[in-house]
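Residue numbers for the sequence shown follow this note's numbering, so the first one is 374 and each next one is one higher. Glycine is no exception: its CB is placed at the ideal position from the N, C-alpha and C atoms.
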Amino acid sequence: MIMNEIFIKQFFSEKGDLSHSIDGYRVRQEQIDISVLIDEAITHKKKLIVEAGTGIGKTFAYLVPAFLSGGKIIISTATKNLQDQLFTKDIPMIRDALKVPVSLAMLKGRSNYLCHLRLENAMIEGAFMTKEDVTYLHLVNQHAKHSEDGDRAELETIPESSSIWPQVTSTKENCLGQDCSFYKECFVMNARKKALAADVTIVNHHLFFADLNMKEEGISELLPKAATVIFDEAHQIPDIASIFFGKNISTSQISEIIQDGYQIYLKHMKDVSDFEPILNDLEKANKDFRLVFPRESNRYPYQKISSFSRFDFAYEDLIKKIKKLIELLAHHKDRDTEIEKYFDSTHQILSNFDSWRDDKDSNSIKWVEVYSQSVQLNNTPLSIADM
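So, in structure tokens, the structure goes:
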């Protein structure tokens, strides 16, 4: 630890190694002090919270002792922009200045990676609402054939809000895992393999807590184990963690179930005459539930729900339509792994929707968030301190 402290002070000094990498470099004593504190925390496996003003150089202050530690490191950020900055600029600069052979990987949530199976299903379906969607679908299909990473961010011409994305990316609910015919080519699994092999893995807070929540539920984790975890922009953690340790269900999730249902119908169940009408009924009930609330985006406490006269009927009708879909799927789920997975996903949606109103946990608060096109029902813990 003493040797590291001496090295850190030399590294950040006026003529230290870092000064050769930055034009107009100037020494910041606060940066050195923070870096020494972080080194001590890593060495003795302590928790440390650091708050410092803009311009102190917090990123470099934690990168140097982290690299000196020699263990596997996860760095979590609040935003993808900082994630990209660390990956393309800050870490390579510190790595070169330190002259250490640190390997690096960036891991995003699974919805950021194209899914070969869902893309194949989308191409089979070919029934998108607009010509624009068809154009986007073919762009995605061509890109998937040549992309090394399958990162949707590489397709900058397709808007983030495009309805094509849920059709060509996966969720943990609809992913077939090792049963998938594209498992060996899976972009998500390849990204995870790179993260497992790397010395430093960069993620964002949403992925970190989604992964932690999966571990709590006994589901195989996405992130590698690490000797050191560093949260940059940590002030956003309470809000983000509350989302992932809470429960929510939305009409958007049901829309995805409906869209997946049409794909399942065309691929596996065209002989089941009741399937498409049941999906159509569910789609109408889902839209009707959104129309219970005003058009404007807003948040409402649970106590306010009673003021919306059509809520009870629309809520119960939506549950009834989901149950009808599940009853049909129960007779056909053994046909194919995709149908079985779809049945499980739909059943989970029903469970979440059905239990939201009945949950009487005094340690959480129920509320509704209304967006322009969807509604989300939330049950958020009042405190995440013990989680």
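| Query | Result |
| --- | --- |
| Which value, in whole angstroms, describes the spacing of the CA atoms of residue 652 and residue 635? | 8 Å |
| Quick check on the burial criterion: 16 or more other C-beta atoms within 10 angstroms. Buried or exposed for residue 531? | buried |
| Using CA coordinates, which residue listed in 746, 744 and 737 is at the minimum distance from residue 754? | 737 |
| Measure the C-alpha to C-alpha separation of residue 752 and residue 394 and round it to an integer number of angstroms. | 49 Å |
| Applying the 10 Å Cβ sphere with the 16-neighbour rule, what's the burial state of residue 352? | This structure cannot settle anything about residue 352, because the visible part of the chain is limited to 374 through 760. |
| Please state the DSSP three-state secondary structure of residue 742. | strand |
| Among residues of its own chain, excluding the 5 on either side of residue 501, which ones have a beta-carbon nearer than 7 Å to its beta-carbon? | Note that residue 501 has pLDDT 49, beneath the 50 cutoff, so the model's placement of it is unreliable and no number is given. |
| Taking the C-alpha atoms as reference points, what is the distance between residue 591 and residue 390? | Reliability fails at residue 591, whose pLDDT of 45 lies under 50, so the model's placement of it is uncertain and the value that follows must be treated cautiously. One C-alpha to the other measures close to 45 Å. |
| Could you tell me whether the Cβ atoms of residue 435 and residue 603 are closer together than 7 Å? | yes |
| Between the alpha carbons of residue 453 and residue 578, how many angstroms are there, rounded? | 10 Å |
| On the criterion of 16 or more Cβ atoms from any shown chain inside 10 Å, does residue 711 qualify as buried, or is it exposed? | buried |
| Does DSSP classify residue 592 as helix, strand or coil? | Caution is warranted here: a pLDDT of 49 is assigned to residue 592, below 50, making its placement in the model unreliable, and the coordinate value is therefore given only provisionally. Residue state, collapsed to three classes: coil. |
| In chain order, what residues of the same chain lie with their CB nearer than 7 Å to the CB of residue 747, ignoring the 5 residues before and after it? | 623, 624, 625 and 663 |
| What do you reckon, are the CB atoms on residue 571 and residue 476 nearer than 7 Å? | yes |
| For residue 526, does the count of other Cβ atoms within 10 angstroms reach 16, so buried, or fall short, so exposed? | exposed |
| From the DSSP output, in three-state form, read off residue 688 for me. | helix |
| List the endpoints of the continuous beta strand (DSSP E) containing residue 478. | 477-479 |
| When the Cα atoms are used, what is the spatial distance from residue 479 to residue 549? | 23 Å |
| What's the C-alpha gap between residue 674 and residue 691? | 21 Å |
| Just to confirm, are residue 631 and residue 655 a CB contact at a threshold of 7 Å? | yes |
| Whose C-alpha, out of 694, 708 and 730, is nearest the C-alpha of residue 720? | 694 |
| Below 7 Å between beta carbons: does that hold for residue 561 and residue 486? | yes |
| With DSSP as the reference, label residue 645 as helix, strand or coil. | coil |
| Considering just the uninterrupted stretch of the beta strand (DSSP E) at residue 750, what are its terminal residues? | 748-754 |
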